[in-house]
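Under our numbering, the first residue of the sequence shown is numbered 3, with each subsequent residue one higher. In what follows, a single structure is set out as structure tokens and then discussed.
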Amino acid sequence: MRPSAAIAVLVALVAVLGAAQGIVRRRRGFGDGGQEYGYVDVREGAHMFYWLYYVEGGDGPADKPLVIWLQGGPGASSTSFGNFEEIGPIDSDLKKRNSTWVKYVNVMFIDNPVGTGFSYVDSPSKLTTNNKQIASDLVELMRGFLKRHPQFRAIPMYVFSESYGGKMAAEFALNLFKEKKAGTIDINIQGVALGDAWISPVDTVLSWANYLLQTGMVDTEGYKAVDRLALQTQRAVLRGQHAQATLLWSQTELAISRVTQGVSFYNILDKMPAKAFARTSADNHTDFLFRVMSERIAPDEHLDELMNTRVKPALGVVPERVRFRTTSAQVFNALYADFMKPVTHIVERLLSETDLKVVVFNGQLDLIVSTPGTLAWAERLKWRNGDYWVTKAPRRALAVDGILEGFVKTAGKFSFYWINRAGHMVPADNPAASIEMLRQVTEFDKRETTTAL
């Protein structure tokens, strides 16, 4: 055998042995650290993009849990905002983030639903129009991902989410568990975390007037103006008029902007331009609600420029015709009639029909998904330990280095975290609290994290 042929055989043998042991060749990608990224065709004409970062300094992917991160919107990109503004290894100025979750776990960002970020569809008819379709697409994404990267099948996996991402994450996690139980997917899902999550929209809307009054953002007349529209929104939901409810939701937010002179929906302590509200047209509620959704994400289009001019060429897998946008109005509008539908029944099924950890967390300064609104639906959940959790479970301090960062209340597999000094984007506003929560949920500091299926 010629030396070149012998070397080729040896390389092939090493590759086979490496695959058998779960060793992978890591891609360079964008920035430092091992990465994997690519597309899975979740349906004909629907192409979903994922971007995985291997844990820093790990002995391999099986050394630590896998966390999947789902952004909100719907139509906000995980690979840009969640990655560069919240928990990824570098920030949008390409500086190393000391509080990255990649220090502790493997993290995979998914641009979801299709049409968001680098994910794309061949025609608008392929966009999702309801949560059930979104969850189905995400399961197919994981099926394709695990086929491509089988070394992740056995390691503990958790779905973390933010905002509308929580609505998607709840049904996604339930479907993954059902598929695992049926033997149709080989995965070690262990839990789901719903952050400032759009689980019961009407509870959130009904909480706004009181929250604004108690924080000094409105007077009594302002309270009445907001509460009047919130009650109209509730009536539309009760009548099953969910598209009308979405319109009334946007009108309620428009009223809030009027009476508060432009309070930030994402963190009530954010310093906002005094004339920010003047830029909003009162006649176009769809444009307004989309602006509210995206105002903190990319006001100067910095992320869009970064993703299109630096990240896209570096990754080398995104079709030329796909132009990245941090938020997609097209995706949002496709889900317009589904936007105000609750998924509390899905959370109840997670608690009653699965053995998954179910975690809810909320920033105390968040308005758009306020803590009082989140607590309202959480305390009404029907499950075995529900009454005990509400009335008897101890509420404990969440402390980091002797500093009170929040509170946590747990019963069985359910935990609720109150996060201090944080708005809608908890990991960005309070990294210390979010990392401690991540540790408690995933137990990433255990020597052995792999669990037998």
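A virtual CB, placed ideally from N, CA and C, is assigned to each residue, including glycine.
Query	Result
I'd like to know whether the C-beta atoms of Arg-351 and Leu-176 end up nearer to each other than 8 angstroms.	yes
State the Cα-Cα distance for the pair Phe-418 and Ala-172, rounded to the nearest angstrom.	15 angstroms
Flag this pair as yes or no: are the beta carbons of Asn-422 and Leu-440 separated by less than 8 angstroms?	no
Rounding to the nearest angstrom, what Cα-Cα distance links Tyr-52 and Thr-444 in this structure?	21 angstroms
Could you check where the alpha helix (DSSP H) with Gly-90 kicks off and where it finishes?	Where Gly-90 is concerned, there is no enclosing alpha helix (DSSP H), given that its DSSP letter is neither H nor E.
If we ignore side chains and look at the alpha-carbon of each, how far apart do Phe-174 and Thr-217 end up?	35 angstroms
Distance, Cα to Cα, Gly-408 vs Ala-399?	6 angstroms
Nearest to Tyr-213 by alpha carbon, out of Val-402, Gln-442, Leu-377?	Leu-377
Helix, strand or coil for Met-159? Go by DSSP, reduced to three states.	strand
Let me check understanding here. Comparing Cα to Cα, which of Ala-424, Gln-366, Lys-314 lies closest to Gly-33?	Lys-314
How would you call Arg-298, buried or exposed, if buried means at least 16 neighbouring beta carbons within 10 angstroms?	A caution first: Arg-298 carries a pLDDT of 49, below 50, which makes its placement in the model unreliable, though a value can still be read off. So Arg-298 ends up on the buried side.
Consult DSSP for Thr-444 and reduce its assignment to one of helix, strand or coil.	helix
When we look at the beta-carbon of Asn-286 and count the other beta-carbons within 10 Å, is it buried (16 or more) or exposed?	Because the pLDDT at Asn-286 is just 49, under 50, the model does not fix this residue reliably, and the point stays unresolved.
Can you give the Cα-Cα distance for Thr-222 and Arg-237, rounded to whole angstroms?	22 angstroms
Evaluate Tyr-106 with the Cβ neighbour count: other Cβ atoms within 10 Å of its Cβ, from every protein chain shown; 16 or more gives buried, anything less gives exposed.	buried
Which word fits Thr-235, buried or exposed, when buried means at least 16 other C-beta atoms lie within 10 angstroms of its C-beta?	buried
Whole angstroms is fine: what's the gap from Ile-70's alpha carbon to Ala-336's?	24 angstroms
What residue ranges within the segment 388–425 form continuous beta strand (DSSP E) runs of no fewer than 3 residues, ordered along the chain?	397–402, 405–413, 416–421
Where Val-42 and Val-349 are concerned, what is the direct C-alpha to C-alpha distance, given to the nearest angstrom?	27 angstroms
Could you tell me whether the segment 155–174 touches the segment 189–208, using the rule of 3 or more Cβ pairs below 8 angstroms?	yes
Go through its chain and collect everything with a Cβ distance to Ala-211's Cβ below 7 angstroms, but skip five positions before and after it.	Tyr-225, Val-228, Asp-229, Ala-232
Go through its chain and collect everything with a Cβ distance to Pro-396's Cβ below 8 angstroms, but skip five positions before and after it.	Lys-411
So Ile-201 is in the beta strand (DSSP E); what residue range does that whole segment cover?	Counting along the chain, Ile-201 falls outside any beta strand (DSSP E), and DSSP gives it neither H nor E.
Please report the straight-line C-alpha distance between Leu-271 and Leu-367, rounded to a whole angstrom.	7 angstroms
For Leu-369 and Phe-83, which I take to be in contact (beta-carbon distance under 8 angstroms), what is that distance rounded to the nearest angstrom?	About 18 angstroms; that fails the 8 angstroms criterion.
Tell me whether the beta-carbon of Ile-136 lies closer than 8 angstroms to the beta-carbon of Pro-152.	no
Taking Ile-258 as part of the alpha helix (DSSP H), name the residues at either end of that continuous run.	244–262
Taking 8 angstroms as the cut-off, decide whether the C-beta atoms of Val-319 and Gly-77 are in contact.	no
Which class does Glu-438 belong to by DSSP, given the choice of helix, strand or coil?	helix
Keeping to the same chain, check which residues put their C-beta closer than 7 angstroms to that of Phe-120; ignore five residues upstream and five downstream.	Phe-51, Thr-81, Asp-113, Val-320, Val-324, Phe-326
Report the start-end ranges of each beta strand (DSSP E) in the segment 92–132 that is 3 residues or longer and not cut off at the edges.	108–113
Which residues in the same chain have their Cβ closer than 6 angstroms to the Cβ of Gly-414, if we skip the five residues on either side of it in sequence?	Asn-387
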